[in-house]
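Chemist: This structure is in structure tokens; I'll ask about it shortly.
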Amino acid sequence: MWWSKIQIGIDLATSVTIFAAALTWWMNKVRERRVGVIDSARSTIIENINNATNEMALSFNDFATFTTSIERKINTKLRFGEDKFIDEIASGRIDVVEIHTLFSKSVDTMGVFYERGATLRYTIFPSLYSIGGEDEAVSILKKEINDVLVAYNKSQSGYIAYIKEITSICEKIKKIKASDPSADLVSIIQDEYIGSIFSIVDDPDYGIFLQDFLDDGDDDLFLLSLHKKSEEMTDKEKELRLNVAKFLIYMIANKPESLISQFLQRLAFRMQENRVQCKEFLVTLSAISSKMQQRSSDFSIKKAYDVLSSEKYFNTKEEIR
3 MWWSKIQIGI DLATSVTIFA AALTWWMNKV RERRVGVIDS ARSTIIENIN
53 NATNEMALSF NDFATFTTSI ERKINTKLRF GEDKFIDEIA SGRIDVVEIH
103 TLFSKSVDTM GVFYERGATL RYTIFPSLYS IGGEDEAVSI LKKEINDVLV
153 AYNKSQSGYI AYIKEITSIC EKIKKIKASD PSADLVSIIQ DEYIGSIFSI
203 VDDPDYGIFL QDFLDDGDDD LFLLSLHKKS EEMTDKEKEL RLNVAKFLIY
253 MIANKPESLI SQFLQRLAFR MQENRVQCKE FLVTLSAISS KMQQRSSDFS
303 IKKAYDVLSS EKYFNTKEEI R
């Protein structure tokens with residue numbers, strides 16, 4: 003009797019041990035499978051990022067070539083002073099049409115860069131989702147590619163469109179002045195081109211150029227008024243709108259080269275901003291790749307980006323490429 007009880011106890015203990023061992027083995031296999039999936043996802047992300055970075059770096063190189071070419075044409079002449087710069091514009095030695103063409107091509111190249119970055123999301127996000135806990139990577143990547151889009155839109159709808167409208171009117175007035183030096187250009191603009199003038203004045207995308215026509219303090223009010231309908235504007239805002247229109251007419255009639263000079267100086271700065279924005283996206287990809295190669299949950303993509311964009315590595319703000 004007692005022997006049977008001992009035997010049953012041994013059998014139960016053995017069964018429990020076997021069951022525990024089997025459970026442990028199964029859990030280890032699940033864990034290994036999970037780790038294997040994560041490792042596979044990490045490898046996929048790293049491969050996708052590295053391939054995309056190489057491809058996008060080529061687009062960035064083309065874009066940087068355009069931007070530096072434009073900046074050289076502007077900054078080299080501007081180095082001798084603004085008066086000399088304006089004279090160069092008036093004489094045609096600074097070819098505004100050529101700069102406009104190069105800028106348009108640079109923006110097109112930036113658009114290609116953006117499209118490649120936007121497409122990359124469809125290969126990286128699923129892998130990040132399969133790993134889990136990578137919200138930081140998704141958030142930062144979304145922000146950076148959106149910042150590229152914002153910079154692209156500003157260049158397209160603001161800079162390209164503005165200089166096209168301004169040069170169109172300036173060229174027409176220039177021909178009138180050449181054929182009749184005594185012509186009242188201000189009156190001609192008011193009579194024949196007033197619609198074009200207010201089309202420029204009322205466009206929110208052009209506010210960055212027009213605000214320079216106003217005193218400090220009034221510029222912010224004017225920029226806010228551009229997002230209002232005429233009937234919604236205060237008397238002060240309507241007055242500013244008219245003052246900007248009058249000043250624009252005066253500049254086109256008397257100092258078109260100064261108007262172009264102002265645009266080109268802002269354009270050179272815009273080129274730098276666009277280039278930095280694209281480079282920041284590439285550095286962000288590198289930071290995410292670094293994150294995927296780490297297993298520590300304490301590894302911050304933001305911190306990796308800050309280090310990689312510093313002078314020690316990519317020097318995002320100062321180095322062109």
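Just add 2 to wherever you are in the sequence shown, counting from 1, and you've got this note's numbering. Backbone N, C-alpha and C define an ideal beta-carbon position, used for all residues, glycine too.
#1: If ALA66 and ARG272 are in contact, beta carbons under 8 Å, what's the gap, nearest whole angstrom?
#2: Apply the 10 Å Cβ neighbour rule to GLU313 and answer buried if 16 or more other Cβ atoms are within range, or exposed otherwise.
#3: Would you mind listing the alpha helix (DSSP H) stretches within the region 119-166 that are 4+ residues and don't spill past its ends, in chain order?
#4: Assuming VAL246 and PHE224 form a contact by the criterion Cβ under 8 Å, report the distance between their Cβ atoms to the nearest whole angstrom.
#5: Since GLN279 contacts LEU80 with CB under 8 Å, what's their CB separation in whole angstroms?
#6: Report back the beta-carbon spacing between PRO55 and LEU310 to the nearest angstrom; my notes put them in contact at under 8 Å.
#7: From PHE87 to SER291, what distance separates their C-alpha atoms?
#8: Taking the alpha-carbon positions, what's the ALA255 to VAL285 distance?
#9: Is the beta carbon of SER159 closer than 7 Å to that of ASP207?
#10: Can you name the start and end residues of the alpha helix (DSSP H) that SER93 belongs to?
#11: For LEU151, which residues in the same chain have their Cβ closer than 7 Å to its Cβ, ignoring the five residues on either side in sequence?
#12: Cutting at 7 Å between CB atoms, please list the residues of its own chain near SER1, excluding the five before and the five after it.
#13: Can you tell me whether LEU244 is helix, strand or coil according to DSSP?
#14: With burial defined as no fewer than 16 other Cβ atoms inside 10 Å of the residue's Cβ, what is the status of ARG95: buried or exposed?
#15: Going by C-alpha to C-alpha distance, which of GLU259, GLN296, ASP308 and PHE316 sits closest to GLU136?
#16: Name the two residues that bound the continuous alpha helix (DSSP H) containing MET273.
#17: Nearest to LEU212 by CA position, among MET235, ASP89 and LEU244, is which residue?
#18: Need the endpoints of the alpha helix (DSSP H) that LYS329 sits in, please.
#19: Take THR169 as the anchor and find which of SER132, ILE101, ILE126 and THR111 has the nearest alpha-carbon.
#20: Determine whether the beta carbon atoms of ILE76 and SER263 lie at a separation below 7 Å.
#21: As a quick exercise: from MET294, LYS293 and ILE210, pick the residue whose alpha carbon is nearest that of LYS156.
#22: Rounded to whole angstroms, what is the Cα-Cα separation between GLU146 and THR125?
#23: Round the Cβ separation of LYS281 and PHE62 to the nearest angstrom and send it over; I've been treating them as touching at under 8 Å.
#24: For PHE316, which option in PHE301, PHE283, MET294 and LYS293 has the closest C-alpha, if you only look at C-alpha atoms?
#25: Leaving out five residues before and five after GLU34 in sequence, what residues of the same chain have Cβ atoms less than 7 Å from its Cβ?
#26: Can you round the beta-carbon distance between PHE215 and PHE249 to whole angstroms, since I take them to be within the 8 Å contact cut?
#27: Just the C-alpha distance for SER198 and VAL98, rounded to the nearest angstrom, thanks.
#28: Would you report the Cα separation of LYS31 and SER108, rounded to the nearest angstrom?
#29: Going by the beta-carbon positions, is the gap between ILE303 and LYS293 smaller than 7 Å?
Modeler: Well, looking at it:
#1: In fact, because the Cβ distance is near 14 Å, the residues do not count as touching under 8 Å.
#2: Label assigned to GLU313: exposed.
#3: As far as the region 119-166 is concerned, its whole alpha helix (DSSP H) runs of at least 4 residues are 137-155.
#4: With 8 Å as the limit, VAL246 and PHE224 qualify as a contact, their Cβ atoms being about 7 Å apart.
#5: With a Cβ gap of about 23 Å, GLN279 and LEU80 do not count as contacting.
#6: It is worth fixing the name first, because residue 55 is Thr in this sequence and not Pro. With a Cβ gap of about 12 Å, THR55 and LEU310 do not count as contacting.
#7: Each residue's Cα considered, the two are about 45 Å apart.
#8: Roughly 47 Å separates the two Cα atoms.
#9: ASP207 places its beta carbon less than 7 Å from that of SER159.
#10: Per DSSP, the continuous alpha helix (DSSP H) segment holding SER93 begins and ends at 84-93.
#11: Excluding sequence neighbours, LEU151 sits near TYR116.
#12: Residue 1 is absent from the model: the chain starts at 3 and stops at 323.
#13: Reduced to three states, the DSSP call for LEU244 is helix.
#14: Taking all protein chains shown into account, ARG95 has fewer than 16 neighbouring C-beta atoms within 10 Å of its C-beta and is therefore exposed.
#15: Measuring from the Cα of GLU136, the nearest candidate turns out to be GLN296.
#16: Start and end: 258-294.
#17: Minimum Cα distance to LEU212 is reached at LEU244.
#18: Here the chain has residues from 3 to 323 only, and residue 329 is not among them.
#19: Answer by Cα proximity: ILE101.
#20: Against a cut-off of 7 Å, the Cβ pair of SER263 and ILE76 comes out as no contact.
#21: It is ILE210 whose Cα lies nearest to the Cα of LYS156.
#22: Across the structure, GLU146 and THR125 are spaced so that their CA atoms are roughly 16 Å apart.
#23: Indeed, because the Cβ distance is near 7 Å, the residues count as touching under 8 Å.
#24: The shortest Cα separation from PHE316 among PHE301, PHE283, MET294 and LYS293 belongs to PHE283.
#25: Because the pLDDT at GLU34 is just 42, under 50, the model does not fix this residue reliably, and the point stays unresolved.
#26: Going by Cβ atoms, the distance from PHE215 to PHE249 rounds to 4 Å, so yes, they are a contact pair.
#27: Computed Cα separation, rounded: 20 Å.
#28: The predicted position of LYS31 is uncertain, since its pLDDT is 42 and thus under 50; a value taken from the coordinates is nonetheless stated next. Approximately 53 Å between the Cα atoms of the pair.
#29: In this structure, LYS293 lies closer than 7 Å to ILE303 by Cβ.
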